[in-house]
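In the working numbering, the protein residues as written are 23 to 369. C-beta: ideal position from N, C-alpha, C; glycine also. Since we're looking at a predicted model, the values are computed, not measured. Taking it in order: structure first as structure tokens, then the write-up.
This is how it looks when you write it as structure tokens:
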């Protein structure tokens, strides 16, 4: 259930569409139930037990924290939890809250059993986090009204709700806030087999047919991330429609990947630029994150959150105490084995 009336009134809340609303592409492809959700089996197994127990006790779920790289399905899982619990879900993001009053207004407008989903929860201001402490633990918020000698403290009750927080940087959460979550789940990159299943499911929803080998190629080049897989699938579908393919085959996938500048390992132009520059300018590393940020005119957070996780996952980049270093696997993939031998000889 989605509380549309609340979402219209409160600019801090973005309502997600129901299954009947198929305008937004992402919502069309999002699974609605835990059975439809592919991958993250360990998290699903734990969640199933927690949700069944809460239903038997007729209580709201404990607060849940989801963390991991972007695009792995944290928001989607929050929607699934709301659907499985037959609860309304309010969706917002950490940067939306400027003052304590913002979060207080939202909390007091919740109903019993509602789910509040806060994306990028690590970006909540410290003062806003402090309001959440008592709300999560005691289902009440303490507010100071007035200033100076006339100021007084008022405690407001809030309904029993479930907070689901999502973050790519769990280390940036304050200890007191992190400790108030009953369940903390870490998302991992998907296997190629799971991505294949996601691609096949998405293709079916989109009304296009895809060959199994084409789905495998697409899965291998999707950075082990469902969001990327679905994005590439959309482009492959476009290419196939323009060239009158009745079935998405290997050729259509390869041609689309070439147009997008994505290679066989899923690396795009920026990935290759990072690796090649470290090899040529800094002899394979180590090189500091600040230096890389300046060299590529990218924010440190962008390199650290968007590019590094996958490059490290596939073994092309490693972090050391002195900085980032390119591995031998990356040299081989880029066809620079000779340079690797030369640099190894000089070390």
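In whole angstroms, what is the alpha-carbon distance linking residue 44 and residue 287? Residue placement at residue 44 is poorly supported in this model, since its pLDDT is 36, which falls under 50; the coordinates still yield a value, given next. Approximately 33 Å, taken between the alpha carbons.
Determine the DSSP secondary structure at residue 309, reduced to helix, strand or coil. strand
Compare the C-alpha of residue 148 against each of 199, 185, 302, 174 and name the closest. 199
Give the secondary structure of residue 349 by DSSP, where H, G and I count as helix, E and B as strand, and everything else as coil. coil
Beta carbon of residue 182 nearer than 8 Å to that of residue 155: no
Taking DSSP as the reference, what is the three-state secondary structure of residue 37? Below a pLDDT of 50, predicted positions are generally treated as unreliable, and residue 37, at 39, falls in that range; no measurement from the model is reported.
Whole-angstrom distance between residue 330 and residue 322, CA atom to CA atom: 11 Å
Could you please give me the residues that DSSP links to residue 207 through a beta bridge? Looking at the DSSP output, residue 207 shares a beta bridge with 88.
Taking DSSP as the reference, what is the three-state secondary structure of residue 165? strand
May I ask you to report which of helix, strand or coil DSSP gives residue 318? helix
Distance between residue 301 and residue 257 (C-alpha atoms, nearest Å): For residue 257 and residue 301, the distance between alpha carbons rounds to 32 Å.
What is the residue span of the alpha helix (DSSP H) that residue 249 lies within? 248–264
Which partner residues of residue 340 appear in the DSSP bridge assignment? Answer is 347.
For residue 337, does the count of other Cβ atoms within 10 angstroms reach 16, so buried, or fall short, so exposed? exposed
With respect to the alpha helix (DSSP H) encompassing residue 96, which residues constitute its N-terminal and C-terminal limits? 96–106
Applying the 10 Å Cβ sphere with the 16-neighbour rule, what's the burial state of residue 208? exposed
Alpha carbon to alpha carbon, how far is residue 114 from residue 36? Give it in angstroms, no decimals. Summary for residue 36: the model assigns pLDDT 43, below 50, so the residue's position carries little reliability; its value from the coordinates is reported in the next sentence. About 6 Å.
Quick check: the Cα distance between residue 41 and residue 72, rounded to an integer number of angstroms? Per-residue confidence for residue 41 stands at a pLDDT of 38, beneath the threshold of 50, marking its modelled position as unreliable; the derived number appears in the next sentence. One C-alpha to the other measures close to 25 Å.
Please state whether DSSP places residue 124 in a helix, a strand or coil. helix
So, under 8 Å CB-CB, residue 82 and residue 116 are touching, yes? Tell me the CB distance rounded to an integer number of Å. Going by Cβ atoms, the distance from residue 82 to residue 116 rounds to 22 Å, so no, they are not a contact pair.
Tell me, please, which residues DSSP counts as bridged to residue 188. 88, 141
Taking all protein chains shown into account, do 16 or more other C-beta atoms lie within 10 angstroms of the C-beta of residue 158, making it buried, or fewer, making it exposed? buried
Where DSSP assigns a beta bridge to residue 114, which residues make up the other side? 140
Less than 8 Å between the beta carbons of residue 215 and residue 275, yes or no? no
Specify whether the segment 222–231 and the segment 88–106 touch according to this definition: at least 3 beta carbon pairs, one from each stretch, less than 8 Å apart. no
Closest to residue 130 by C-alpha separation, out of 177, 353, 87, would be which residue? 177
Helix or strand or just coil, what does DSSP make of residue 271? coil
How far does the alpha helix (DSSP H) with residue 221 in it reach, from first residue to last? 214–228
Residue 294 (DSSP reduced to helix, strand or coil): helix
Using DSSP's beta-bridge definition, name the partner residues of residue 175. 166
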